[in-house]
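Residue numbers (my numbering), protein chains in the order written: chain A, 47 to 559; chain B, 4 to 503; chain C, 9 to 101.
Backbone N, C-alpha and C fix where the C-beta goes; we use that ideal spot for every residue, glycine too.
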Amino acid sequence: MDASFSEISELHEKLKNKEISSVELTEYFLQRIKKHNPQINAYLTVTEDAALEEAKEADKIIARRGKISVFTGIPFGIKDLFCTKGIRTTASSKILENYVPPFDATSVQKMRAENAIILGKTNLDEFAHGSSTETSAFGESKNPWDTSRIPGGSSGGSAAAVAAGLAPLALATETGGSIRQPSSLCGVSGWKPTYGRVSRYGVISMTSSNDSIGAIGRSVRDLALTAEVMSGRDEKDATTGNREVPQYSANLRTNLKGMKIGVPAEYFIDGMEDDVKKRVLDAIEELRKLGAEIIDVSLPLTKYGSLVYAIVTPSEISSNLSRFDGIRYGHQAKDARDLAEIYSKTRAQGFGDEAKRRIMTGTYALSAGYYEAYYLKAQKVRRLLVDEFNNVFEKVDCLVCASSPNVAPKIGAAKDNPLFGYIADQLNIPAAMAGLPALSVPCGFGAARDGADGGASSSVAGVQMPVGLQIIGPQWGEQKIFDAGHAYQTVTDWHKKMPPDFVPASPLPGKRK
Amino acid sequence: MAENLKPSSGYAPVIGLEIHVQLKTKSKMFCDSPNNPDETAPNKNICEICTGQPGTLPVANREAVRLAVIVGQALNCRIEEYSKFDRKNYFYPDLPKGYQISQYDRPIAQNGYLDIEVPGENGGSASKRIRIRRAHLEEDAGKNIHPEGADYSLVDFNRAGTPLLEIVTEPDIASAKEAKIFLQELRNIIRYIGAGSADMEKGTMRLEPNISVRKPGQLELPAYKVEVKNINSFRFAESAIEYEIARQAEILKEGGMPKQVTMGWNEKAGQTMEQREKEEANDYRYFPEPDLPILHFSKEYLEEALASIPELPAQKRARFKREYGLPDADIRNLTEWKELTEFFEEAISELDELAGKALPLKFAKMAANWCLQDFSALLNAAKINPLESKVTPHNFAELIKLIEQSKISATAGKQVLAKMFELGGEPSRIMEDLGLAQVSDAAVIEQAINKVVSENAKAVADYKAGLQKSFGFLVGMAMKELKGKGNPQVVNDLLKKKLE
Amino acid sequence: MLTRDEVKKIARLCRIELSPAEIEKFQKELSVILDYVSELKKVETSGVVEISQVTGLENVLREDAPRYSDLRQAIIANFPESREGFLKIRNIL
Chain A
47 MDASFSEISE LHEKLKNKEI SSVELTEYFL QRIKKHNPQI NAYLTVTEDA ALEEAKEADK
107 IIARRGKISV FTGIPFGIKD LFCTKGIRTT ASSKILENYV PPFDATSVQK MRAENAIILG
167 KTNLDEFAHG SSTETSAFGE SKNPWDTSRI PGGSSGGSAA AVAAGLAPLA LATETGGSIR
227 QPSSLCGVSG WKPTYGRVSR YGVISMTSSN DSIGAIGRSV RDLALTAEVM SGRDEKDATT
287 GNREVPQYSA NLRTNLKGMK IGVPAEYFID GMEDDVKKRV LDAIEELRKL GAEIIDVSLP
347 LTKYGSLVYA IVTPSEISSN LSRFDGIRYG HQAKDARDLA EIYSKTRAQG FGDEAKRRIM
407 TGTYALSAGY YEAYYLKAQK VRRLLVDEFN NVFEKVDCLV CASSPNVAPK IGAAKDNPLF
467 GYIADQLNIP AAMAGLPALS VPCGFGAARD GADGGASSSV AGVQMPVGLQ IIGPQWGEQK
527 IFDAGHAYQT VTDWHKKMPP DFVPASPLPG KRK
Chain B
4 MAENLKPSSG YAPVIGLEIH VQLKTKSKMF CDSPNNPDET APNKNICEIC TGQPGTLPVA
64 NREAVRLAVI VGQALNCRIE EYSKFDRKNY FYPDLPKGYQ ISQYDRPIAQ NGYLDIEVPG
124 ENGGSASKRI RIRRAHLEED AGKNIHPEGA DYSLVDFNRA GTPLLEIVTE PDIASAKEAK
184 IFLQELRNII RYIGAGSADM EKGTMRLEPN ISVRKPGQLE LPAYKVEVKN INSFRFAESA
244 IEYEIARQAE ILKEGGMPKQ VTMGWNEKAG QTMEQREKEE ANDYRYFPEP DLPILHFSKE
304 YLEEALASIP ELPAQKRARF KREYGLPDAD IRNLTEWKEL TEFFEEAISE LDELAGKALP
364 LKFAKMAANW CLQDFSALLN AAKINPLESK VTPHNFAELI KLIEQSKISA TAGKQVLAKM
424 FELGGEPSRI MEDLGLAQVS DAAVIEQAIN KVVSENAKAV ADYKAGLQKS FGFLVGMAMK
484 ELKGKGNPQV VNDLLKKKLE
Chain C
9 MLTRDEVKKI ARLCRIELSP AEIEKFQKEL SVILDYVSEL KKVETSGVVE ISQVTGLENV
69 LREDAPRYSD LRQAIIANFP ESREGFLKIR NIL
């Protein structure tokens, strides 16, 4: 198989057996990025020189030692929300357009420690606020399966890069669907960890109480490998749990005998696309064939998840984005006459509309006289949501449903719809609010229905776009979702599909074999 | 005191205090940058966390939490099982994150009190209870500096993120004097515990009093209060409160109602001045800090914390009175200076050993006097504390014993102490080196007296004729003969006998 | 529907300058969001204790060990303007 769509374990074998060098592999991906990135705008920054330097180092390590990490010499992309030492980190916002952090996020540090090679920084919705990448100050990314469509978001650049074969893996973040939804829309695998499993340190905060740092890759096995590197307690993030990190990848199951999988009725919502529903039901059938016991369950509060999110998230955002004030770093308004204007003009110029909307919504929800009705009420309902999940996980090992009620809509779907993100992610948000781990794995293709409402209208277009299956686990239950997802991928090949326009004409050969 | 503030006037001040105490930890509240209030190089103690770089997160300092708990306990507060941090949102250049991590509805400590001794009737003193509403932990902001005449400001983040304990009293304080006594007592408690230097001049203790005045006969709290800022010494605190009370009483007397405002103390003008109103009332939008897990204090933790509290000033004062019978003023002066008290107590225990028996009270009285007078004077002149001086408690105790046993005169003792302070060393050795040992030998003294009596016949005659001051003259002459080293008591006694 | 004054007040609190057209735009958009979330009122929450952290972690604290950061110079270099190690900014007073 060609390197551009290979799994990490396959690339690792080739590197280890000296069939290919890390420099060759890195050069190959850099060339692909040069050629294809203009089509999809997945990368905002490409770190060509540094990547080649790091690849040379990796090759030396491979030559020197018998035993190397599975990530040694493997190139990967990073969502531009992670601080990267010496590499511009923008959060896709003008306010950080030229910000170069002097330090690495903990997860980046961990990947560097494995001698993985940073290819560059991927696009996202500004500060991860959105589900389409259309709120990026540097233009939206495009879906490799149909470049007139969105890749989803906010980790749309990461999903598009992996889907187009411009990186075998990309680090991503999720607050309420930002990994699962773009993974689903782009036909790749995405892992949203248990909140507290992976350090948030150095990743620009959106909603501190449920920001989760994960990854998007080509297979569940790759994600399990990545999880082993990224997970664990970090002394710099007090919200990381002190639990042991299992060798997820070593124990992956290929049959699911004895596993109880719940199918929550409330996740098959009105307005879900027919094909999406069909593909998800097909996938559930596959899981049954693998030995899992399928159990109907009910999560009646599901519909309130997005509402809780629409209050809690902007509230925390309004506070988390206060540090972007032009005083100590980043953009500072040139035309300010006094201190008050440094603040108000810098922030007016630096933030896009969605960020402003969220900051203002949150400011309102937290302000005197409204706190109880909005923020406090939302956190009470959140408690009920958590309890509801806890109850259902007494009966089942994991839950399955669609990752997104629709396939990728046309670019422009999110424009001027202040509720787009909240609705697009309604199947992802409840688990995110409860801090649960989840996967999205490709489970087929469906016909797109196009409309400004993100696909809920009736006009049917012919294009076949990816559909994602969502697997939600209990808190700290990463192994269970990796098991279910991996077993599913051993009997299906949806995760191996390549978008036709990005299949290389001349695959990178394994020269020295 | 202004005429209208005499107790008889019926105008009664109502004062509550908000005090910020900088905790003496080695590192900052939420990051490991050094916490050093004496750092003069700008932006030396900074890192990515306390300057609010993107993506950075706070982790709370265990020691800061412990200090806050024990100060709370020392102030007789209730420490609830759970406490949490909250964000207080506002914008200012010295506030890197655009919010301050503080505590809102679950402070570390609440509902305590501190008993202070206030002047009572007939010149005595009375105990008064000042209730403590709460004490909570928070991080400090940086410092904004405004160079004279410049059109720019400078910001130093060394202080940003250092731990503060904010202590809030109920409005139980009735005068500037009481406020001062309360602050001194609080400062001493903080210092005894080792929680901070609590130095108003250095800004490690900051005061914001809320002041209002009741009209004659008024029972309920006034409907307004005035907050005063920019107070950075005990003296300013007293002056500012007194000024503000007089100002408000004047308005009330004329039938007006003071505005609810924030005033700043202007030392040059000797008055408070209204501070420029912000464009809008602050709305801090507090909410629970999601980055910091809650604090849970177990019973064992709280018991251990309580047990670690050293003897506090009030307890020490009571014990000094009980054990040493020192006068109240001496006790207060001693206990005001924590290190001097420690020195004193060590010296006393040395004296106990030297004396080899239960300590005579006069030893304690003498040691206290020498601590408070000559030793304090030397320390103050050198600007050091007793534990830094070359005088060890052991040597100090020896000196006291030499004086008490009349081996050296008090005057010579001062010279010895000065030498000890300068070079260190044993007082008996210094005394000998300087030739200051006191002569108590009756034979030697008698010889000197005989000589003086024979050489000063007129003075002797005058004395015998009833002129008392001649006796003094003769003592002086005898002491001169003894080169100042004669034991005054013995000289006195023998001379009197001789002249009988 | 939020009033213009309410939007202006929010914008002042969060330090974002808005043009008159933007005030109108956000007036509508914020109102849409507030309408959307108003459904939450239907959930019965009396007696429910709010949750703001899902980890259940307690007492995650640092030891009090100071360290000079080696990022000091880089942080100062990122200041828009500095002067003798201070951050320099337009007159605050």
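CB of residue i within 8 Å of CB of residue j, strictly
| i | j | result |
| --- | --- | --- |
| A/Ser368 | A/Ile475 | no |
| A/Ile163 | A/Ser204 | no |
| B/Tyr102 | A/Ser365 | yes |
| B/Ile433 | B/Leu354 | no |
| B/Ile104 | B/Glu292 | yes |
| A/Gly233 | A/Ala209 | yes |
| A/Gly236 | A/Ile225 | yes |
| B/Ile184 | B/Val216 | no |
| B/Glu169 | B/Phe33 | no |
| A/Tyr355 | A/Met479 | yes |
Alpha-carbon spacing of residue i relative to residue j, whole angstroms
| i | j | result |
| --- | --- | --- |
| A/Gln77 | A/Asp171 | 25 Å |
| A/Tyr294 | A/Ala270 | 6 Å |
| A/Ala88 | A/Thr168 | 6 Å |
| B/Leu255 | B/Lys218 | 7 Å |
| A/Ile307 | B/Lys146 | 57 Å |
| B/Lys302 | A/Ser187 | 56 Å |
| B/Tyr289 | C/Ile24 | 20 Å |
| A/Pro310 | A/Asp433 | 15 Å |
| C/Tyr76 | B/Gly164 | 14 Å |
| A/Leu385 | B/Asp154 | 12 Å |
| A/Asp547 | A/Pro197 | 15 Å |
| A/Thr538 | A/Phe51 | 16 Å |
| A/Ser68 | A/Leu473 | 39 Å |
Residues that residue i bridges to, as DSSP identifies them
| i | result |
| --- | --- |
| B/Phe290 | B/Arg90 |
| A/Cys447 | A/Gln516 |
| B/Ser105 | B/Asp89 |
| B/Val24 | B/Leu168, B/Met208 |
| A/Tyr247 | DSSP, once it has assigned bridges, lists no residue as partnering A/Tyr247. |
| A/Pro310 | A/Val343 |
| A/Pro121 | A/Ile163 |
| B/Val442 | B/Gly489 |
Close beta carbons around residue i, own chain, < 8 Å, minus the five adjacent residues each side
| i | result |
| --- | --- |
| A/Ile107 | Ile114, Thr118, Gly119, Asn161 |
| B/Leu337 | Phe323, Leu329, Leu343, Thr344, Phe347, Ala371, Cys374, Leu375 |
| A/Leu347 | Val427, Leu430, Leu431, Glu434, Pro476 |
7 Å CB neighbourhood of residue i in its chain, flanking five on each side removed
| i | result |
| --- | --- |
| B/Ile1 | The shown model of chain B, from 4 to 503, leaves out residue 1 of chain B, and the question about it has no answer. |
| B/Thr172 | Gly19, Leu20, Ile133, Arg134, Ile135, Arg136 |
| C/Glu52 | none |
| B/Lys410 | Ala440, Gln441 |
| A/Pro545 | Pro190, Trp191, Ala209, Ala210 |
Neighbourhood of residue i by C-beta, 6 Å cutoff - its chain only, sequence neighbours within 5 removed
| i | result |
| --- | --- |
| A/Asp320 | none |
| A/Pro520 | Phe439 |
| C/Ala96 | A quick correction: the sequence has Lys, not Ala, at residue 96 of chain C. Excluding residues within five positions, the ones whose Cβ falls inside 6 Å are Glu89, Ser90. |
Chain F within 8 Å of residue i, Cβ atoms only
| i | result |
| --- | --- |
| B/Val62 | Looking at the structure shown, chain F is missing, and the protein chains on hand are A, B and C. |
Anything in the segment 361-395 of chain A with a Cβ closer than 9 Å to a Cβ of chain B? List those residues in chain order, please.
Ser361, Glu362, Ser364, Ser365, Asn366, Leu367, Ser368, Arg369, Phe370, Asp371, Ile373, Arg374, Tyr375, Gly376, Leu385, Ala386, Ile388, Tyr389
Which residues, in chain order, does the segment 13-26 of chain C contribute to contact with chain A at a C-beta distance below 9 Å?
Glu14, Val15, Lys17, Ile18, Ala19, Arg20, Leu21, Cys22, Arg23, Ile24, Glu25, Leu26
Please identify, using Cβ separations under 8 Å, the residues of the segment 260-271 of chain B that lie next to chain C, in order along the chain.
none
Taking Cβ-Cβ distances below 7 Å as the criterion, which residues of the segment 71-96 of chain B are in contact with chain C?
Residues passing the 7 Å Cβ filter: Phe94, Pro96.
Check distances from the C-beta atoms of the segment 40-60 of chain C to those of chain A and list, in chain order, the residues that come in under 7 Å.
Val40, Ile41, Tyr44, Val45, Glu47, Leu48, Val51, Thr53, Val56, Val57, Glu58, Ile59, Ser60
Within 7 Å of chain A by C-beta, residues of the segment 38-56 of chain B in sequence order:
Glu51, Thr54, Gly55, Gln56
Residues in the segment 224-256 of chain A with C-beta within 9 Å of chain B's C-beta atoms, listed in sequence order?
Ser245, Arg246, Tyr247, Gly248, Val249, Ile250, Ser251, Thr253, Ser254, Ser255, Asn256
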